[in-house]
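Counted the way the numbering used here counts, the sequence shown spans residues 1 to 332. Quick reminder that beta carbons are idealized off the backbone N, C-alpha and C, glycines included. Bear in mind the structure is a predicted one, so any value in this text is a computation, not a measurement. All remarks here apply to the structure that follows.
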Amino acid sequence: GLMEDRREKLEEVLKQYRREDGKPDCVVAFSGGRDSSYGLHLLVKEFGMHPLTFTYDWGMVTDLARRNIARMTGKLGIENILVSADIKQKRRNIRLNVEAWLKRPRLGMIPLFMAGDKHFFVHVNNIRRQTGIHCDIWMENKLENTDFKAGFAGIKPNFEKERIDKQSTLAKLKMPLYYARNFLVNPAYINPSIPDTYSAFKAYYMEPREVYLLLFDFVPWNEEEIGRTLIGEYNWELAPDTESTWRIGDGTAAFYNYIYYTVAGFTEFDTFRSNQIREGMIGREEALKAVDEENRPRFESMKWYFDTIGVDMERAVNVINAMPRLYRQRGR
C-alpha cells in the first residue's frame, strides 16, 4: 500500500547509481509542482543523491511554477535544464484545439489540450543519452490516477496496472479511434496542430523508459508533511486563488477541472481524495470538506489560461455552462 515505508528497498536501488564526486547521478523531470518539489528535497536531503533536474516548458508552465523551480533548485544547489518548446506555436496549437472543442464540446477530447506536454518523454531520453545518466526518477503517485479522463473517451479503467501512465494495447488503439471519430464530425480539429499532436502521441506511447523509479512507491506520501516542508524550509509559494497545493503551477488544470466539475459534477480532486479514502489515509468527512474547497472555480488561473492562448474566456465559460449535465440533482 501507499502507506508502507520501503525506504530500504529504494536505498538498495539508489546506491547503485549514487556518485561520490558530486556529479549528477539521476535525472528528475521537474515541473515545480508540489510532489516533484518534495521529491527533490527527499532525494538530496535524505538519500544524498545529486539530481539533474529538467523542466519542459511547452507554454503552460506558470510564473508561479518557475519561481518555485528557482527556489528549490537554488536552495538545494542543483542544476535545472530548461528545455523550451516553440512556445508561440504550442500556444497557437492549444488555441486551435480549444476553439475546435468549443464548437462541439466532448469530455473525452479534453486531454487533447495537454498533448503538447507529452514531448518531455523525448527530452528526458535525450538528456539521459547526452549525460550518460541511467537513473530516471519520477514523482507521480498512485493517488493521482485519473482513469475517468480516458473513461470519457470510452476506455475502461484498468485497476491492476503498475504505473499510472501505462495503457493496454487495446486502450492505445481505442484512444486514437475516439479522436479520429471526433475529428471527422468536427473538422475544426483538422488544423495545423495535428503534426505536433501526432508526435506527442508517439512520444507518450513509443518512447522507451528504462530504469524508471517512482519515488512515492517507496516513501509514504503525506500531505501535511509535504506542505510543512515546502513552505517551512523553502518558502514555497502558493496560488492566490486556491488553498490547494496540487497542480497550481499547471496552467491547464483550472480550466479542465472547471469543465469536469460543471458537466460531470466531479474533478480529479474527487478521484484523488477517493483514492486516499480507499488507502485509509483520510476519512470520508475530511475528504468531502477538502473537495468542497478544492472544486471552487479558479477564475484567476482560468483568466491567465485564456489570455495566454488568446481565447475569449466569457464565451468559453458560456459554452461550458450550457453543456448538458451528466447528473441529476437529488429530489428533482
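- In this structure, S193 sits away from D241, with a CB-CB distance that is not shorter than 7 angstroms.
- In the DSSP secondary-structure assignment, W138 is bridged to L214.
- For P195, the uninterrupted alpha helix (DSSP H) run begins and ends at 194-206, by DSSP.
- Cβ neighbours of F148 within its own chain (closer than 7 angstroms, five residues either side excluded): T271.
- For L14, the uninterrupted alpha helix (DSSP H) segment begins and ends at 7-14.
- When secondary structure is reduced to three states using DSSP, T53 falls in the strand class.
- Between the C-alpha atoms of K156 and K172 there is a straight-line separation of about 12 angstroms.
- Remark: fewer than three beta-carbon pairs, one from each stretch, lie closer than 8 angstroms, so the stretch 87-105 and the stretch 137-145 are not flagged as touching.
- With a beta-carbon spacing of about 4 angstroms, L107 and F152 fall inside the 8 angstroms limit used to define contacts.
- One thing to note: D86 has its Cβ no nearer than 7 angstroms to the Cβ of H50.
- The Cβ atoms of I78 and G32 lie no closer than 7 angstroms to each other.
- Counting C-beta atoms within 10 angstroms of its own C-beta, F299 has fewer than 16 neighbours from the protein chains shown and is therefore classed as exposed.
- The residue among K88, H41, G132 with its C-alpha nearest the C-alpha of K23 is G132.
- Of the candidates M313, V219, L42, C135, the residue whose Cα lies closest to the Cα of E210 is C135.
- By the Cβ-count criterion, S36 is buried, with 16 or more other Cβ atoms from all chains shown falling within 10 Å of its own Cβ.
- Going by C-alpha positions, G116 is about 7 angstroms away from T197.
- The C-alpha of A150 is placed about 8 angstroms away from the C-alpha of M175.
- Per DSSP, the beta bridge partners of A29 are F54.
- Residues of the same chain with a CB within less than 8 angstroms of the CB of L215, apart from the 5 flanking positions on each side, are L10, G39, L42, L43, I137, W138, M139 in chain order.
- The bridge partners DSSP lists for L64 come to none.
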